[in-house]
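Engineer: Below: one structure in structure tokens.
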Amino acid sequence: MTKPDILCIGSVLWDIIGRSPSAMRLGSDVPGRITRLPGGVAMNIAMTLARFGLQPAALTAIGRDAEGDELVAACQRMGVDTSFAYRSDDLPTDRYMAVEGANGLIAAVADAHSLETAGDRILRPLADGRLGSATAPWAGQVALDGNLTEALLSDIAASPLFAAADLRVAPASPGKAERLRPLLAHPGTTLYVNLEEANLLSRAGAATAAEAAEALLARGAQRVLVTDGGRPAAEGTQGKGVIIGKPPEVLVTRVTGAGDTFMAAHLVAERRGAPREAALQAALQAAATYVSGDVGT
């Protein structure tokens with residue numbers, strides 16, 4: 001079996017997205033399109049990495065139901081290895097449902113209960129020798145998403161299985177950002193957050209991405225990237241300060257998955273040897289291309 005280039009740990013599910021070109025508000029009933037595509041933070045990152053030519057493997061929970069079998073087949077077609085995924089006989093395949101209008105995300109519901117229930121069973125390949133063990137831990141890159149439970153994320157922060165890992169962490173949503181606080185102390189962690197998520201983690205009330213990055217570094221984070229929609233983004237590293245990048249101006253046609261695309265593109269740029277400024281700009285360009293609809297999901 002070919003060793004994966006990177007592990008993507010977290011949610012792999014069906015994204016059910018309703019999009020309308022109209023601006024929407026509470027109670028709106030408008031024409032649009034409804035799609036069902038493989039999604040979830042870990043999957044969105046993995047799909048982008050595969051498009052860049054890497055071989056990602058997903059550590060997640062997928063049911064042995066019909067939706068799960070369809071999802072595994074779709075992952076394979078997109079170049080994402082699910083052979084290490086935990087397949088459950090009694091847990092259904094997770095789903096995410098969102099409604100987007102011309103004015104952005106209106107509402108979303110993430111049903112990732114199977115992933116949360118599976119708990120550390122999704123990490124077995126890192127302990128049983130298939131991908132690593134406590135004495136010979138995985139030493140490569142790991143994209144980790146905040147859909148895992150707070151208890152499991154705390155365990156990961158202290159686990160010998162992740163002691164040598166290059167952890168790239170995304171919170172999944174502002175409501176789950178504070179789950180990531182234990183990972184601030186992990187020396188190999190790079191956090192990818194938006195301004196709202198950064199403020200929840202730092203409790204600083206920063207007005208800009210640069211201020212938020214400074215606040216997170218002050219709270220002990222080793223490295224952070226903070227985005228703020230179409231406004232300047234920032235990357236901060238302990239001992240090296242904070243740099244800023246400006247996103248390209250584009251017409252926004254979708255938003256779900258933009259942060260995951262940003263994270264994956266940044267990771268790929270760094271694997272190719274790009275310096276800090278160039279890696280940040282490459283990630284901003286990839287996210288802008290994605291939200292403009294110029295790249296397929």
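Just so we're aligned, residue 1 is where the sequence shown starts under full-length UniProt numbering, counting upward by one. The beta-carbon is built from N, C-alpha and C at its ideal position, and this holds for glycine as well.
Distance, Cα to Cα, T297 vs L217?
Structural biologist: At T297, the pLDDT of 45 sits below 50, so the modelled position is not reliable and the matter cannot be decided from this model.
Engineer: So what's A212 in DSSP terms, helix, strand or just coil?
Structural biologist: helix
Engineer: Quick one: measure Cβ to Cβ for D5 and L37, integer angstroms, because I've assumed they're closer than 8 Å.
Structural biologist: With 8 Å as the limit, D5 and L37 do not qualify as a contact, their Cβ atoms being about 23 Å apart.
Engineer: Locate the beta strand (DSSP E) running through L105, then write down its first and last residues.
Structural biologist: Secondary structure note for L105: its beta strand (DSSP E) is the uninterrupted segment 104-111.
Engineer: Kindly identify the DSSP beta-bridge partner or partners of N194.
Structural biologist: T227
Engineer: Roughly how far, in whole angstroms, is the beta-carbon of R19 from the beta-carbon of G32, given that I think they are within contact range, below 8 Å?
Structural biologist: 5 Å
Engineer: With respect to the alpha helix (DSSP H) encompassing I244, which residues constitute its N-terminal and C-terminal limits?
Structural biologist: Not the alpha helix (DSSP H): I244 falls in the beta strand (DSSP E), residues 241-245.
Engineer: Just to confirm the assignment, what range does the beta strand (DSSP E) spanning S292 have?
Structural biologist: Segment: none, S292 is in no beta strand (DSSP E) and carries neither H nor E.
Engineer: With DSSP collapsed to three states, give me the class of A279.
Structural biologist: Secondary structure at A279: helix, using DSSP grouped into helix, strand and coil.
Engineer: Give me, in chain order, the residues of the same chain whose beta-carbon lies closer than 6 Å to that of G146; leave out the 5 immediate sequence neighbours on both sides.
Structural biologist: P171, A172, K176, R179, L180
Engineer: What is the rounded straight-line gap between the Cα of R271 and the Cα of G53?
Structural biologist: 12 Å
Engineer: Between V99, I156, A108, V109, which lies nearest to L126 when the distance is taken from Cα to Cα?
Structural biologist: I156
Engineer: Evaluate contact between the segment 214-228 and the segment 67-84, counting only Cβ atoms and requiring at least three cross-stretch pairs below 8 Å.
Structural biologist: no
Engineer: Can you give the Cα-Cα distance for A278 and D29, rounded to whole angstroms?
Structural biologist: Rounded to whole angstroms, A278 to D29 spans 43 Å at the Cα level.
Engineer: Identify, in the order they occur along the chain, each residue of the same chain with its Cβ nearer than 7 Å to the Cβ of S202, setting aside the five sequence neighbours on each side.
Structural biologist: Cβ neighbours of S202 beyond the five flanking positions: A212, A215, L216, R219.
Engineer: Restricting to runs no shorter than 3 residues, where is the beta strand (DSSP E) found entirely within the segment 60-133?
Structural biologist: 61-63, 86-88, 95-101, 104-111
Engineer: Which class does T48 belong to by DSSP, given the choice of helix, strand or coil?
Structural biologist: helix
Engineer: Using the three-state DSSP reduction, which class does Q141 fall into: helix, strand or coil?
Structural biologist: strand
Engineer: Can you round the beta-carbon distance between H34 and M263 to whole angstroms, since I take them to be within the 8 Å contact cut?
Structural biologist: First, the residue type needs correcting, since residue 34 is Ile and not His in the sequence shown. Taking C-beta atoms under 8 Å as the contact rule, I34 and M263 fail to qualify, at a distance of about 26 Å.
Engineer: What residues in its chain sit with their C-beta under 6 Å from that of A286, if we drop five residues either side in the sequence?
Structural biologist: T261, A265
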